[in-house]
Amino acid sequence: MLVDGTVGCGAITSTGAIADGAASTFTTGTTIGNLTLADGSITDSGGTISLNDENLTTTGDGTFDELTLTNSSQDWMSTGSFAALALQAQDSATAARFQLYSKDGDGTDSVNLRVYGEGTSSSVANGSWLQIGYSPSDYHYVIALKAGSGTDLPLYLGTNSYIDQIVLGIDGSTRLGDGATNYTEISPTGDIKPVGSAFIVIEKASGNGIKVDHTTPTFGFADLLGDQ
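Right, dumping it as structure tokens:
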């Protein structure tokens, strides 16, 4: 018995259970089986801690080098790769898909994927983004782009170096292009306009020619002119 009322002793070995109604305090570095308890950490000498089918709940932050999500048909690993967040499938010869669902799945809730060019995780009041998803109000799939004073940007669709094969303009126009200089603009009212040095070529290999306003003319016939 020590002078402060505590009991000091060496190692205690027991083949049975040790019961104590009060909470026990152990020094940092205490080892229980393969587990080592230290200040703020729990490590396993085998390198793996398994919770089996138990739930893990925390209101704090979690830090992982890699996180693997298991599934009956495809496992996924979340990790960092080339300054990016990467999701990689872990099962060979198995399809890899990224799927988004609403809770009910009855078509009454929006389901969207957004990529932000302006705005932060704490404020997107004046942000701009690419949104691909489903809108229940219009009952169709949509692509939308901005909020507040965020920059209104056109949407470019193309392949490889031809970035402007189809351009959805911020004025509601649709532009069809061929490279960077040759394109035609289709206005919201249906006007087709060559822009800049662009031109329109209509070719027909054989058979009848092109008829302009051939039924009941309302604005007269249009002339088709050759090279000038």
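Going from the sequence shown to the numbering used here is simple: count from 1 and add 54. Every residue, glycine too, gets a C-beta built ideally from N, C-alpha and C.
Taking all protein chains shown into account, ARG229 has 16 or more neighbouring C-beta atoms within 10 Å of its C-beta and is therefore buried. VAL178 sits in coil when the DSSP states are folded into three classes, being neither helix nor strand.
At a Cβ-Cβ threshold of 9 Å, GLY212 and ILE224 do not count as neighbours. Ranked by Cα distance from ARG168, the first of ALA201, LYS157, GLY87, ASP145 is ALA201. Under the Cβ criterion (8 Å, minimum of three pairs), the stretch 202-211 counts as touching the stretch 175-189.
A straight-line Cα-Cα distance of about 14 Å links VAL165 and LEU184.
Rounded to the nearest angstrom, the Cβ distance from GLY100 to THR90 is 11 Å, too far for a contact under 8 Å.
LEU167 carries a strand assignment under DSSP once its states are collapsed to helix, strand and coil. At least 9 Å separates the beta-carbon of TYR188 from that of GLY171.
Going by C-alpha positions, THR148 is about 11 Å away from SER126. Taking every protein chain shown into account, the CB of GLU239 has 16 or more other CB atoms within 10 angstroms, so this residue is buried.
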